[in-house]
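To start, the structure itself, in structure tokens.
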Amino acid sequence: MTRLLSGPPPMAGYEPLDEHQARLGFLPAGGEWLLDELARSGLRGRGGAGFPTWRKWAAVAQSGNHDAVVVINASEGEPLSQKDRTLLAFRPHLILDGAALAAETVGATEIVLYLARSPLTAERTIKEALRERALARPAGSRIRVVRTPHRYIAGESSAVVSRVAGGSARPTFSLHRSAARGVGNRPTLVQNAETFAHVAMIARYGSDWFRQLGTDFSPGSTLLTLCGDVRRPGVYEVDLAARLGSVLAAAGGMHSPSGGALLGGYFGTWLAAVALDDLPLDAERLRSAHSASLGCGVVAVLPQGACGIAEATRILQYLAAESAGQCGPCVYGLAALSGAMARVVDSEAEPADVDRVRRWMEMVRGRGACHHPDGAVGQLSSALATFSDHLDVHLAGQRCEGRNVIGLPAPPVPGKRWR
76 MTRLLSGPPP
86 MAGYEPLDEH
96 QARLGFLPAG
106 GEWLLDELAR
116 SGLRGRGGAG
126 FPTWRKWAAV
136 AQSGNHDAVV
146 VINASEGEPL
156 SQKDRTLLAF
166 RPHLILDGAA
176 LAAETVGATE
186 IVLYLARSPL
196 TAERTIKEAL
206 RERALARPAG
216 SRIRVVRTPH
226 RYIAGESSAV
236 VSRVAGGSAR
246 PTFSLHRSAA
256 RGVGNRPTLV
266 QNAETFAHVA
276 MIARYGSDWF
286 RQLGTDFSPG
296 STLLTLCGDV
306 RRPGVYEVDL
316 AARLGSVLAA
326 AGGMHSPSGG
336 ALLGGYFGTW
346 LAAVALDDLP
356 LDAERLRSAH
366 SASLGCGVVA
376 VLPQGACGIA
386 EATRILQYLA
396 AESAGQCGPC
406 VYGLAALSGA
416 MARVVDSEAE
426 PADVDRVRRW
436 MEMVRGRGAC
446 HHPDGAVGQL
456 SSALATFSDH
466 LDVHLAGQRC
476 EGRNVIGLPA
486 PPVPGKRWR
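Numbers given in this note's numbering equal positions in the sequence shown, counted from 1, plus 75.
The following block contains the structure:
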């Protein structure tokens, strides 16, 4: 069945425009019909929030302004995620097709590709893709590339609008939604790269085709980045009706019995090993059963014997260093939590220190200008609950190996490179 990753194998590299069109056919024109088709498809954004795609588009289209902006959010600041850069490297024309359809549908005169500086393969292929499209379609919406620092929250919607408008890639506070007043006070549609790729397929094959996979609440397929203790790590396109156990089996299984997993990336949820095999990917079931979500589409598996408390603390330290430096709860709260959890991992803390950590988490939660502190304490809170046995070991004064088993990067230098 033709989906996002169908077509030439990755070893063949980038798929040129002529081969892309020969394989999938030419793109229909956008318009109001596409809003209806997206509503019937049930497609939700693949950037993490899971908001219905058609509602975002309709909000911009209904503004009545015919000078809107469409932004392809391909910043992918999540360190463990590879899905958007994989699409950019091998299937860039799917993403650009979806953005072109969006521009026609919502009345945009400009398309912006918001791209992080680090993925060089994706940068080369996107330049070639834009050159091909300029030769094939000299008219139409102009596409420009805005480079952004590879910072965790540079992909947050208000940070995207700020950077595209010429400012820094930090979140901002506004009384207006970007759909009404975004870049240059123009209506702005900010959508994740993978979401645009799905739109391009739905426009060609229809909503009924899209719903052949998935569930009523979570139709279609999605891209997952599998990493950690997985035999064949990488990006996989999966049916949203599947269970995680079958997905991990398709990736060759694990090197050792699982020690648990982080679902959804750094703002995600830690789950115990016993929950993984039968874990549903459907968003509604996942939320009701585990208060979790796929988020940005990351599954990071711990090997047996790894310390979930140490891994969660590393993530907290990274997120504390990634603060935009604009809010006290984020700047001081995350730093204090990070320091306290470092003492826990070093087995130098007492139960009263953990009680203090739990109290501080509640003081930080919901008090930032963006959701950065919420995500940081959310993953920590789930780790304390899921790995309570690991926590007891540290509170008893025993040390664990504390290995970095899922490949967490070093934190950036605070305050540097926001443009």
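The beta carbon of each residue, even a glycine, is placed where N, CA and C say it ideally should be.
ask   = Which runs of the beta strand (DSSP E) spanning at least 3 residues fall entirely within the segment 179-227, listed in chain order?
value = 183-191, 217-223
query = For Pro83 versus Arg492, is the C-beta distance shorter than 9 Å?
reply = no
ask   = So is Ala272 buried or exposed if we call it buried at 16+ other beta carbons inside 10 Å?
value = buried
ask   = Which residue spans inside the segment 443-476 form an unbroken beta strand (DSSP E) run of at least 3?
value = none
query = Going along the chain, which residues of its own chain have a beta-carbon closer than 6 Å to the beta-carbon of Phe126, five neighbours each way excluded?
reply = Gly120
request  = Taking 9 Å as the cut-off, decide whether the C-beta atoms of Ala324 and Leu356 are in contact.
outcome  = no
task = Assign Glu386 to one of three DSSP states: helix, strand, or coil.
result = helix
ask   = Between the segment 352-366 and the segment 430-442, are three or more C-beta pairs nearer than 8 Å?
value = no
key: Three-way DSSP call (helix, strand, coil) for Leu409 in this model   = helix
request  = Evaluate contact between the segment 408-426 and the segment 332-347, counting only Cβ atoms and requiring at least three cross-stretch pairs below 8 Å.
outcome  = no
inquiry  = Suppose you measure from the CA of Met329 to the CA of Pro378; what does that come to, to the nearest Å?
reply    = 8 Å
request  = Tell me, to the nearest whole angstrom, how far the beta carbon of Pro246 is from that of Ala444; I am working on the premise that it is less than 8 Å.
outcome  = 6 Å
ask   = Hey, out of His168, Ile218, Ala254, whose CA is closest to Gln96's CA?
value = His168
ask   = Under a three-way DSSP split, which group does Pro404 fall into?
value = helix
ask   = So, helix, strand or coil for Thr290, using DSSP?
value = coil
ask   = Using a Cβ-Cβ cut-off of 6 Å (strictly less than) and excluding sequence neighbours within five positions of Gly472, which residues of its own chain qualify?
value = Ser422
inquiry  = I'd like the list of long-range same chain contacts for Leu455, defined as Cβ closer than 6 Å, with 5 residues on each side in sequence excluded.
reply    = Ala387, Leu391
query = Where Ser150 and Ala278 are concerned, what is the direct C-alpha to C-alpha distance, given to the nearest angstrom?
reply = 25 Å
message = Just to check my reading of the structure: Val374 and Leu288 have Cβ atoms closer than 8 Å, yes? What is that Cβ distance to the nearest angstrom?
response = With 8 Å as the limit, Val374 and Leu288 do not qualify as a contact, their Cβ atoms being about 18 Å apart.
key: Ala174 vs Val145 beta-carbon contact at 9 Å   = yes
request  = Alpha carbon to alpha carbon, how far is Leu162 from Thr270? Give it in angstroms, no decimals.
outcome  = 11 Å
ask   = Quick one: Cα of Arg177 to Cα of Ile186, how far?
value = The amino acid occupying residue 177 in the given sequence is Ala; Arg does not appear at that position. Going by the C-alpha atoms only, they are around 9 Å apart.
ask   = In the structure shown, what three-state DSSP assignment does Ser422 receive?
value = coil
request  = Mind checking which residues open and close the alpha helix (DSSP H) that includes Gly320?
outcome  = 319-325
key: Cβ separation of Ser233 and Ser249, assumed to be a contact under 8 Å, to the nearest whole Å   = 6 Å
inquiry  = Taking its Cβ as the centre, do 16 or more other Cβ atoms sit within 10 Å of Glu425, making it buried, or is it exposed?
reply    = exposed
query = Cβ atoms of Tyr311 and Leu550: under 9 Å apart, would you say?
reply = There is simply no residue 550 to check, as the chain begins at 76 and stops at 494 in what is shown.
task = Note down the Cα distance separating Arg219 from Ala348, rounded to an integer number of angstroms.
result = 45 Å
request  = Can you have a look at Ala244 and say buried or exposed, based on whether 16 or more other CB atoms are within 10 angstroms of its CB?
outcome  = buried
ask   = Is DSSP giving Ala29 helix, strand or coil here?
value = No statement about residue 29 is possible, as the shown extent of the chain runs from 76 to 494 and does not include it.
query = Quick one: Cα of Val135 to Cα of Ala460, how far?
reply = 41 Å
request  = Give a yes or no on whether the C-beta atoms belonging to Lys158 and Gly372 are separated by under 9 Å.
outcome  = yes
inquiry  = Using the Cβ count rule (16 or more neighbours within 10 Å means buried), how would you classify Leu118?
reply    = buried
message = Measuring straight from C-alpha to C-alpha, what distance separates Arg306 and Phe101?
response = 38 Å
DSSP beta-bridge partners of Glu312 = Leu298
request  = Kindly give me the distance between the Cβ atoms of Thr200 and Tyr280, rounded to whole angstroms, as I take these residues to be in contact under 8 Å.
outcome  = Incorrect: roughly 24 Å between the Cβ atoms, too far for contact.
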